[in-house]
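Okay, structure first, notes after.
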Amino acid sequence: MCTLSMRPKQTINNARVTLAASARKMVSFLPWLQRRLFSAEVSRTHQNHRNWTVKQVTKSNFSDCLEGIKSHISSSDFIAVSLQKTGSFSAPWHHVSPFDTPDTAYLKTKHAAERFQVLQFAVCPFTITASRVTAYPYNFHLFPRDELKIGMPSYSFSCQTSYLSSMAREGFDFNACIYDGISYLSRAQESAAKVQMGNAISANAMVESTSTPSVADTVFIQRTRSRVKNWKNAFTDSSTRADEPLLRSLRKLILRSEEYNSRPCMNIDVCSERQMQLVIEMLQEFTDDLVPLIIPAKGGGTQSVRVVLASSKEDKELLQMELQNDEEKQNKKIRGFREVIDLISASQKPVVSHNSLNDFTFVHSKFLAPLPTNMEEFMCSLCLAFPQVIDVNHLMKEISPMRKVTNLPMAISYLKNRFFAPVDVEIPFQALVNEGKIHGHNVVRICQLFAKLCYILKLAPNSIQSNDKNLASALEAYSNIFNPYSPSPQEPIDGDIRIWTNNTIKVSCEDLVFLWGFRDMTAGMLKSMLQASHKVFSEEFDVRLVDKSCAIVVFRRPGLSKTFLDVLNGGSEIVGPLREMVSEGVRAASYETYNRACRLGTWDANLADALDKALADLDYPSGADSKTKSLDTYWCSEWVINLDEL
Amino acid sequence: MTRQWPLRAFSGALSRAYSSSSSSPFPLKHVAKLNFESAFCELKSHVGAADFVAIDLEMTGVTSAPWRESFEYDRYDVRYLKVKDSAEKFAILQFGVCPFRWDAHHQSFIAHPHNFYIFPRQELAADGTSYEFLCQTTSMDFLAKYQFDFNACIHEGVSYLSRRQEEEALKRLNLRYEDNGLLDKVNEFRDVPLARVTDVLFSERMKNRLSEWRDGLLRSGNGVPQFQGISNHSRQQMQTIFYKMRPALSLNGFTAHQLKLIQLVTNKHFKDLAYVRFNSETSCSQQIVVYMDSKSDKDLFMKEVKDDYLKEADMKIKAAIGFRHVIDLLSSAQKLIVGHNCFLDIAHIYSKFFGPLPQTAEGFVSSFHTYFPHIVDTKVLLNSNSVLPQRMRKSNTSLSSAFSLLCPQMAVNSNKISDLAFRPFVNVEVQVDDTRSSNWSSGIKHEAGYDAFMTGCVFAQACSHLGIDFKLHSSSSENLAQNEKLQKYINLLYLSWIHGDIIDLRTGNMIAESSGSNKFRKQHPKILFENVVLIWRFPLRLKATEIRECISKVFGPCSVTSIYHVDETAVFVQFSKAELVFEFLVLKESLERSNDAISVLHPLSKLLEGGNTCAAGYETYKEICSSPISKVLFADQADAVGIRWKTRLVESKLEAQSQKQESFCEENVATTTSISVEKSKTGKQHVIDDLLSRRSKCDEVIDSFFTAEVRQVRATN
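Residue numbers (full-length UniProt numbering), protein chains in the order written: chain H, 1 to 646; chain U, 1 to 717.
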C-alpha cells in the first residue's frame with residue numbers, strides 16, 4: 001500500500017480517538033478504505049462462518065425443536081431475528097428515503113410487508129458474558145400453506161425475481177422450502193379460523209349471567225331440561241340397557257343422540273348467546289357426568305350446545321382431559337411457526353434486529369394482525385407483543401453517523417478496523433451431521449455486531465446479569481426507533497446544518513416541492529432551467545431526482561416553496577425554459593400531495609403517476625395534514641438514486 | 001451431453017428431474033439454461049418437420065383474489081378481464097412443447113416432448129422497476145404435490161424478453177447513445193463546484209499528472225512515458241496502455257467520487273484527452289483516459305467506442321431474448337398449435353412474449369391470430385358431438401381423463417378400459433435425442449412436457465375419430481391445419497368453460513356452445529346483466545337468503561331471480577326486470593339520505609345496517625375487475641380502486657326486447673346498447689356524491705369508448 005493512504009489507516013487502527021474527531025478525519029478517506037477493507041474482510045469472515053452451526057428447522061423437525069428453543073429463549077438475555085423475504089421495493093420511489101416522514105416510511109414498508117412473503121425466519125436467543133456471546137441460532141423455513149383449506153395464511157404473495165435469483169446464488173433449496181416449509185397463522189387469523197372451522201369449544205370458563213330469566217327463558221329452560229333428562233335416562237337407566245340393538249338405535253334416532261369421542265352426546269340448538277348461557281347454567285345441575293361443549297356457528301356466534309355424557313366422574317375428568325389435549329393439538333397445528341413468535345413475545349425480552357422497520361412490519365402482518373394505517377398505531381400494537389426492539393443500524397449510527405452502513409458484513413468489518421472490541425461467538429450446538437448449505441448466518445452476525453456495539457458504546461455487556469438495570473436503561477434509549485432515518489437519540493435537536501456531515505441538513509417538509517411532467521432530464525439540467533426561470537431560485541436551492549419521472553426541489557429559505565407553487569399554478573410570471581415546460585405539462589405539488597400519494601396506496605411504478613392521482617383524488621380524507629407540518633425530514637445530498645450511474 | 005449439469009447443492013433435486021429421461025419411465029427432454037441452445041437447434045428441425053405442435057404451461061397461480069375466480073355471473077368481457085389479470089400477474093414456470101410428426105414408414109406419430117424450465121430473470125437493467133410475479137399458495141402447493149422442481153426453475157430456468165421489452169431495451173439503448181453518447185454527461189459536471197479542499201487538491205494533482213503524461217507522450221513520440229518521481233502505488237493506479245491503437249491511461253483503484261473528479265478535469269482542461277468508461281471482459285467496468293491527436297481523430301474514436309458499446313449492448317439484449325426464440329419459432333413455422341383448454345395459456349404467451357394484453361377480448365384475439373393463425377383446443381374437440389359418444393363425455397374432459405379414455409394403451413393406469421369402440425388407434429412413439437421408444441409407463445402429471453405430450457396424443461386420437469386418416473397422408477404434401485374435417489374446430493377456444501362461451505379467434509365473435517353438445521353441464525338460465533345489481537360491504541353475517549328476503553319484502557316475492565355470492569363481502573342480485581335495478585338503487589339512496597324513523601323501520605334497513613352498504617350496476621363490477629390491484633376481499637378491492645360513493649344509479653329505460661334473447665351475440669350487443677343509452681343521458685345521470693362529478697366525466701369517456709366498440713362488434717358481425 002502506498003504511503004499516502006497509510007497514515008489515516010494507522011490512526012484508525014490505533015483508534016482510541018474520540019468519536020467526533022476521528023469521524024471528521026476519516027471522511028475523505030472512507031470510501032477508499034471501505035472498498036479496500038471490504039473485499040479483504042468478506043473472505044475472512046466468510047471462513048469463520050463455516051463453523052457456525054445454525055439449526056435448520058422444517059415441518060419435519062419443527063415440533064422436536066420447539067422445546068429446545070423454548071428453554072433457550074427463557075435463559076437468554078436477547079433474541080436476535082433475521083428474515084429472508086421474497087422482495088422489498090418494486091420501484092425506485094418505493095424505497096424509504098431520507099425525505100420520508102415516519103408515516104410515509106411506514107406506509108412504504110407496509111406496502112412491501114403486505115405483498116411479499118417470508119421464506120426463512122432466523123431466531124437466535126443469545127447471552128453476552130464478558131466478551132463472549134453464547135448464541136443458539138435456529139433457521140426456520142416457512143411456507144404459507146393453506147392447511148385448513150380456508151384461504152389462510154395468505155391467498156397469494158409476490159416474488160421479485162432478483163430476490164429469488166440471489167437466494168438461488170446462495171444455494172437456497174426452494175423445493176425444501178415449498179415442500180417442507182412450516183406454515184403458520186397470525187393471531188388475528190387464528191381467531192377467525194376457529195370460527196370458520198366450527199370446532200367445539202369446552203364451556204368451562206363461562207361467566208354466569210346475572211339478569212333474571214324472562215318467561216320465555218323459563219319455558220325454554222324447562223323444555224331443554226326435560227329433554228336432557230329423558231336422553232340421559234335412556235342411557236343410564238339399567239332397564240333399557242338390555243334392549244336389543246334395533247330398539248337402541250331407534251331410540252337414538254328419536255332422542256337425536258350422537259356419539260362424541262365414543263361417548264353418547266346430544267346437540268341442543270340455541271338461537272342466541274342468551275339461550276346458550278341459559279343452557280350452560282342449567283347443565284350445572286348435571287355436573288357429575290355431563291360435559292357441555294359450545295359449537296360455534298359458521299358466521300360467528302353460537303350454533304348449538306353439545307352435551308356429552310360420561311359414564312362416571314372419573315370418566316368425566318378423563319373426557320375433559322381429552323378435550324383439552326385435542327384443543328391444544330389443534331391449536332398447535334393452527335399456529336405452526338407462530339408458536340415461536342409467541343414464545344419470543346411471551347418472554348418480553350429485547351429483540352435485536354437489523355432494519356427493524358422492514359422486519360417488524362413483516363412480523364406484525366404475518367404473525368400478529370393486519371397492519372394498522374399509521375406508524376403510531378403500529379408502534380402501539382407492536383409494543384404490546386414486543387416491548388423492546390433494538391435496531392443495530394441505530395447503534396451503528398452512534399459510531400458512524402455520516403454513513404449508512406447498511407450491510408452486515410460491512411458493518412462488522414468497519415468496527416473491526418476501527419475499534420478494539422473483542423467478541424467471541426460461541427454456538428454450543430453440536431455440529432450438524434448433514435452437510436450442505438447452512439442458511440441463516442445473518443442472525444449470528446447480528447448477535448456479533450450487537451455485542452461489539454454494546455462493548456464500544458459502553459453499554460455494559462460485561463456485567464449483564466449483575467446490573468441489569470443500568471444496561472436496560474442505557475439500551476432503552478436505542479429501543480423502538482423504527483424510522484430508518486431518524487437521528488440518533490444523543491444528538492441535540494437544534495435544526496442547524498450538521499457540521500461534520502456536510503451533506504445532511506435539516507429541512508422542513510414545507511420547504512420541499514415535488515416537480516414532475518418533464519421528459520428525460522437530469523437533476524443538473526433541471527436545476528439550471530429553474531435558475532433561469534424565477535427569482536425564487538436566485539437563492540440557494542437543491543434539485544434531486546426521486547425517480548426518472550419526478551424531482552424534488554429543496555428550498556433553503558422558508559416560504560419560498562409556497563411562492564414557487566403559487567407562481568407555477570398561476571403561470572404568469574414564469575419566464576424562460578420553465579414556461580415552456582409548464583405548457584408541456586410540468587406540474588408541482590407540496591409535500592402533502594406526496595403524503596396523500598403514499599396513503600392512497602396505488603403505488604404506481606412512477607412517482608409522477610401517483611402524484612397525479614393524489615392531486616385528482618382530493619376527496620380522499622387527509623388525516624395527517626396537521627401532523628406533517630411539524631415534522632422535519634432530513635435532507636441529505638447523497639440519498640438520491642443517481643440515474644447517471646445506472 | 002445434455003446431462004452435464006453443474007455440481008451444486010441443488011443438483012440432487014435437478015438430477016432427479018433430469019434422470020427421468022433415462023431411468024424413470026417416461027422419456028422427456030428437459031431443457032434449462034445450460035442446454036437451451038443445443039436443444040433449441042434440435043427443436044427447430046423437429047418443429048419444421050412437424051404436422052402439429054402440442055403445448056402446455058405450468059404457472060405460479062391462476063387467480064389473484066378469490067373474487068377473481070370464474071363465476072356464472074361473468075359476462076364475456078369480464079371473463080376476459082379476469083384472464084388478463086391472471087396472465088399479467090402470474091409467471092410461467094414450465095413450458096411444454098411437443099412436436100408430432102407422422103412417420104409414414106412406421107405408420108405412427110413421432111413425438112418429441114420438450115420440457116422447458118423458464119424463469120423471468122431480470123437480465124437487463126431496465127428503468128429501475130423490478131420484475132415481479134405473484135404466487136398463489138394453493139397452486140404452489142399443488143405443484144409441490146406433483147413433485148415440481150422449483151430449484152431447476154429458479155436456479156437454471158431459461159429467461160426471456162417479450163418483443164415489446166426487446167424493443168424498449170433497444171430504444172433505451174439508442175436514446176442513451178444518440179449523439180455523442182459518451183460525452184453527454186459533460187455538461188452536467190460543469191456546475192459541480194469543488195466544495196472540499198481535498199477535492200480541489202486532488203483535482204489539481206490529477207491535472208498535473210495528466211498534463212505530464214500527455215506532454216511525455218508528445219515529447220517521446222512513440223515511446224511510452226513514465227511518471228517521474230511518483231510512488232509505485234500511483235503508478236499502479238495509472239498505467240499506460242493502448243486502447244484502439246491510441247495511448248491511454250487506465251485508471252485503477254480510484255473511488256467513484258475520485259473518478260468523477262478525474263472526468264471533470266479531463267473534460268475541462270484537455271481538449272485532446274477523452275475520458276471513457278467501458279465494460280471489460282471480466283464484466284467489471286473499466287475507466288481510461290485516451291489521447292487523440294486531432295479533433296477528427298477524436299470524433300472517429302468516439303464513434304468507434306460508441307459502436308462497441310452499441311454492439312455489446314445489442315448482444316446482451318439478443319442474449320436476453322432466451323426462451324422467446326421458441327415462441328418466435330412456433331409463430332413463424334405457422335404450424336397447427338394444439339392446446340387443452342388453452343385460452344389462459346395463449347393469454348400468458350401473449351403477455352410474456354409479445355407485449356401487454358389489449359383491453360378487450362376482441363382486440364386480443366385478433367392480434368394473437370396474426371401471430372398464430374392455426375390453433376385447436378382439444379377441450380372443444382372432445383365436447384363436440386362427433387368425437388366422443390355422449391356417455392363418454394359425461395365423465396369429465398380433463399386432460400388426464402381424456403388421455404386415459406382415448407389412449408388407453410399409453411396411459412398405463414387405465415389398462416382396464418379396453419373399449420373396442422375406440423379402435424382404430426393411432427400409434428405414437430416418443431423420441432428424445434436419438435432414442436426412440438414406443439414403450440413407457442406414464443409420466444408425471446402436471447409436468448408441462450408430459451401434459452403437452454398427452455394433449456397431442458388426445459388430439460391425434462380425436463382426429464382419427466373425426467375420420468381423418470393419417471395413413472392416407474403423404475406426410476409432407478398436406479397441411480393438417482387445412483384439413484376440411486378440422487375446420488369446424490380450428491381457432492375456437494373456450495373463453496369460459498362454465499358458460500360454454502366459445503370465442504372465434506378469426507373474428508373475435510362469441511359463439512354459444514350448441515345446446516346439445518354438453519347436456520351434462522348444469523344448464524343455468526341465462527343471466528341478464530342489465531338486471532344485475534352488485535351489493536357489497538353489507539353487514540357481514542347477512543346470508544344470501546336473508547338478502548333475498550329483505551329485497552322481496554320491498555319489490556315483491558318474484559322480484560329477485562337469483563343471488564350469487566362474489567365472496568363474503570359482496571353479492572350479485574339479479575332482478576326479474578331491469579327497471580327494478582333502477583328502483584332499488586334510487587330507494588337505497590333515498591333511504592340513506594333520510595334518517596327518520598320510517599327509514600329505520602324499512603325492510604331494506606337490514607341490508608343497509610351499519611351505513612356502509614354500497615350498490616351499483618354490473619358495469620361497476622367490470623370497472624373493478626379491470627383494476628390492476630387485487631385485494632383478497634371484494635369490499636377492500638372496491639375501496640382500493642378508489643370508489644368513494646355508496647350508490648351509483650343506472651338508467652332504467654330498457655327495451656323489453658332485450659329480455660328475450662337467445663344467442664349470446666345478440667345479448668352482448670343489447671347489454672352494450674344499454675350502456676350507450678346510459679351514455680346519451682349522462683348529462684342527467686344521477687350522481688349521488690357531488691364529489692363524483694369528476695368521475696362521471698371519466699365515465700363518459702369510457703362509455704363513448706364502449707359505443708365505438710359496439711359499433712365495431714356490429715360491423716364485424
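For glycine and all other residues, C-beta sits at the position ideal for the given N, C-alpha and C. Values in this document were obtained by computation on a predicted structure and should not be read as measured data.
Give every residue of the same chain whose Cβ lies closer than 6 Å to the Cβ of U:Leu-406, excluding the five residues on either side of it in the sequence, and list them in chain order. In the second sequence, counting from the first residue as 1, residue 406 of chain U sits at position 406. If we look at U:Leu-406 and ignore the five residues flanking it on each side, its Cβ neighbours are Val-458, Gln-461.
Since H:Thr-161 meets chain U, which of its residues come closer than 9 Å, beta carbon to beta carbon? Numbered from its first residue, the first sequence carries residue 161 of chain H at position 161. Residues of chain U whose Cβ lies closer than 9 Å to the Cβ of H:Thr-161 are, in chain order, Ala-91, Phe-119, Pro-120, Arg-121, Gln-122, Ser-130, Tyr-131, Glu-132, Phe-133, Ile-154, Ser-159.
Could you confirm whether any beta carbon from chain H is found closer than 8 Å to the beta carbon of U:Ala-65? Position 65 of the second sequence holds residue 65 of chain U. The Cβ of U:Ala-65 sits closer than 8 Å to at least one Cβ of chain H.
Do you know whose CA, among U:Glu-592, U:Ser-627, U:Pro-603, U:Val-600, lies nearest U:Thr-647's CA? The count along the second sequence starts at 1 and reaches residue 647 of chain U at position 647. When only C-alpha atoms are compared, the closest one is U:Glu-592.
Where does H:Ser-347 sit, in a helix, a strand or coil, going by DSSP? For the purposes of this step, residue 347 of chain H is identified with residue 347 of the first sequence, where counting begins at 1. Residue state, collapsed to three classes: helix.
Grouping DSSP H, G and I as helix and E and B as strand, with all else coil, what is H:Lys-25? Numbered from 1 along the first sequence, position 25 holds the residue referred to as residue 25 of chain H. In this prediction, H:Lys-25 has a pLDDT of 39, which is less than 50 and means its spatial position is unreliable; nothing more can be read from the coordinates.
Exposed unless 16 or more other CB atoms sit within 10 angstroms - verdict on H:Phe-482: Taking the first sequence and counting its residues from 1, one reaches residue 482 of chain H at position 482. Classification for H:Phe-482: buried.
Inspect the CB distances between the segment 303-311 of chain H and the segment 154-165 of chain H and report whether three or more fall short of 8 Å. They do not touch, by the three-pair rule.
Inter-residue Cα distance where the pair is U:Pro-32 and H:Gln-117: Mapped onto the second sequence, residue 32 of chain U falls at position 32. Mapped onto the first sequence, residue 117 of chain H falls at position 117. A small fix is needed here, since residue 32 of chain U is Ala in this sequence, not Pro. Those two C-alpha atoms are separated by around 26 Å.
DSSP three-state call for U:His-269: helix, strand or coil? Taking the second sequence and counting its residues from 1, the one referred to as residue 269 of chain U is at position 269. It is helical.
What do you get for U:Asn-208, buried or exposed, if any count of 16 or more other CB atoms within 10 angstroms of its CB means buried? By 1-based counting over the second sequence, the position of residue 208 of chain U is 208. Residue environment analysis places U:Asn-208 among the exposed positions, since fewer than 16 neighbouring C-beta atoms fall within 10 angstroms of its C-beta.
Determine, using beta carbons only, whether U:Gln-136 comes closer than 8 Å to chain H. Translated into the one-based positions of the second sequence, residue 136 of chain U becomes position 136. Taking Cβ atoms only, chain H reaches closer than 8 Å to U:Gln-136, which makes this a yes.
Smallest Cα separation from U:Pro-603: which of U:Glu-546, U:Glu-619, U:Tyr-618? Taking the second sequence and counting its residues from 1, one reaches residue 603 of chain U at position 603. Nearest option by C-alpha distance: U:Glu-546.
When you compare each of U:Ser-605, U:Asn-427, U:Ile-317, U:Phe-202 to U:Glu-167 by their alpha carbons, which one comes out closest? Counting from 1 along the second sequence, the entry for residue 167 of chain U is found at position 167. Here the closest residue by C-alpha is U:Ile-317.
Could you work out which residue in H:Lys-416, H:Leu-526, H:Pro-350 is closest to H:Ile-79 when comparing CA atoms only? Against the first sequence, residue 79 of chain H aligns to sequence position 79. Across the set H:Lys-416, H:Leu-526, H:Pro-350, the C-alpha of H:Pro-350 shows the shortest separation from the C-alpha of H:Ile-79.
Would you be able to state if there are at least three C-beta pairs under 8 Å between the segment 128-135 of chain H and the segment 98-109 of chain H? The answer is no - the segment 128-135 of chain H does not touch the segment 98-109 of chain H, with fewer than three Cβ pairs under 8 Å.
With DSSP as the reference, label U:Asn-115 as helix, strand or coil. In the second sequence, residue 115 of chain U corresponds to position 115, counting from 1. Taken through DSSP and simplified to helix, strand or coil, U:Asn-115 comes out as strand.
Neighbourhood of U:Cys-558 by C-beta distance below 7 Å, restricted to the same chain and skipping five residues each side: Here residue 558 of chain U refers to the residue found at position 558 of the second sequence. Apart from the 5 residues on each side of it in sequence, U:Cys-558 sits with its Cβ closer than 7 Å to the Cβ of Ser-576 in its chain, given in chain order.
Among H:Thr-109, H:Leu-83, H:Val-195, H:Lys-149, which has the Cα closest to the Cα of H:His-95? As a first step, residue 95 of chain H must be located in the first sequence, where it is residue number 95. Ranking H:Thr-109, H:Leu-83, H:Val-195, H:Lys-149 by Cα distance to H:His-95 puts H:Thr-109 first.
Nearest to U:Ala-169 by CA position, among U:Ile-288, U:Ile-241, U:Leu-310, U:Ser-70, is which residue? The sequence position of residue 169 of chain U within the second sequence is 169, counting from 1. Comparing Cα positions, the closest option is U:Leu-310.
Closest to U:Asp-639 by CA distance: which of U:Ser-605, U:Val-650, U:Thr-569, U:Phe-584 is it? On the second sequence, residue 639 of chain U is found 639 positions in, with the first residue counted as 1. When only C-alpha atoms are compared, the closest one is U:Thr-569.
Would you be able to state if there are at least three C-beta pairs under 8 Å between the segment 39-48 of chain U and the segment 85-93 of chain U? Counting Cβ pairs under 8 Å, fewer than three are found: no touch.
The segment 344-359 of chain H / the segment 319-327 of chain H touching (three or more Cβ pairs under 8 Å): At 8 Å Cβ cutoff, the stretches do not touch.
Give me the Cβ distance between U:Phe-634 and U:Asp-567, rounded to the nearest whole Å; I'm assuming they're in contact under 8 Å. To locate residue 634 of chain U, count along the second sequence from 1; it is residue 634. To locate residue 567 of chain U, count along the second sequence from 1; it is residue 567. Beta-carbon to beta-carbon, U:Phe-634 and U:Asp-567 are separated by about 5 Å, close enough to satisfy the 8 Å threshold.
Assign H:Asp-288 to buried or exposed, taking buried as 16 or more other Cβ atoms, counted over all protein chains shown, within 10 Å of its Cβ. Here residue 288 of chain H is taken as the residue at index 288 of the first sequence, counted from 1. Flag for H:Asp-288 reads exposed.
Suppose the cutoff is 7 Å on Cβ atoms and the five residues either side in sequence are ignored; what does the same chain contact list for U:Asp-328 look like? For the purposes of this step, residue 328 of chain U is taken as the residue at position 328 of the second sequence. Excluding positions up to five away in sequence, the list is empty.
Assuming U:Val-432 and U:Leu-28 form a contact by the criterion Cβ under 8 Å, report the distance between their Cβ atoms to the nearest whole angstrom. To locate residue 432 of chain U, count along the second sequence from 1; it is residue 432. To locate residue 28 of chain U, count along the second sequence from 1; it is residue 28. Rounded to whole angstroms, the Cβ separation of U:Val-432 and U:Leu-28 is 7 Å, and the two are in contact under 8 Å.
Could you name the residues of chain U that H:Ser-583 contacts, counting a contact when the two beta carbons are closer than 7 Å? Indexing the first sequence from 1 puts residue 583 of chain H at position 583. The contacting residues do not exist; H:Ser-583 stays about 23 Å from chain U at best.
With a threshold of 6 Å on Cβ separation, who are the neighbours of H:Val-57 within its own chain once the five nearest residues in sequence on each side are excluded? As a first step, residue 57 of chain H must be located in the first sequence, where it is residue number 57. Exclusion of the five residues before and after H:Val-57 leaves Cys-65, Tyr-138, Phe-140 as the residues of its chain whose Cβ lies within less than 6 Å of its Cβ.
Given H:Glu-190, which residues of its chain have a CB within under 6 Å of its CB, disregarding the five upstream and five downstream residues? Here the question's residue 190 of chain H lines up with position 190 in the first sequence. Excluding positions up to five away in sequence, the list reads Ile-334.
Are the CB atoms of U:Phe-90 and U:Arg-101 within a distance shorter than 8 Å? In the second sequence, counting from the first residue as 1, residue 101 of chain U sits at position 101. In the second sequence, counting from the first residue as 1, residue 90 of chain U sits at position 90. With respect to the 8 Å criterion, U:Arg-101 and U:Phe-90 are not classified as neighbours on the basis of their beta carbons.
On the DSSP letters alone, give me the boundaries of the beta strand (DSSP E) that U:Gln-239 sits inside. Within the second sequence, residue 239 of chain U is the residue found at index 239, counting from 1. According to the DSSP assignment, U:Gln-239 belongs to the beta strand (DSSP E) that extends over 238-243.
With a threshold of 7 Å on Cβ separation, who are the neighbours of U:Arg-609 within its own chain once the five nearest residues in sequence on each side are excluded? If you number the second sequence from 1, residue 609 of chain U lands on position 609. Per the sequence shown, the amino acid found at residue 609 of chain U is Glu instead of Arg. Short of 7 Å from the beta carbon of U:Glu-609, and not among the five residues preceding or following it, lie these beta carbons of its own chain, in chain order: Pro-539.
Going by DSSP in three states, U:Val-426 sits in which element: helix, strand or coil? For the purposes of this step, residue 426 of chain U is taken as the residue at position 426 of the second sequence. For U:Val-426, the secondary structure class from DSSP, reduced to helix, strand or coil, is coil.
Hey, how far is the Cα of U:His-565 from the Cα of U:Pro-66? Here residue 565 of chain U refers to the residue found at position 565 of the second sequence. Here residue 66 of chain U refers to the residue found at position 66 of the second sequence. Rounded to whole angstroms, U:His-565 to U:Pro-66 spans 11 Å at the Cα level.
Below 8 Å between beta carbons: does that hold for U:Ile-118 and H:Leu-164? Reading the second sequence from its first residue, position 118 is the one you call residue 118 of chain U. Reading the first sequence from its first residue, position 164 is the one you call residue 164 of chain H. No, these two residues do not count as a Cβ contact at 8 Å.
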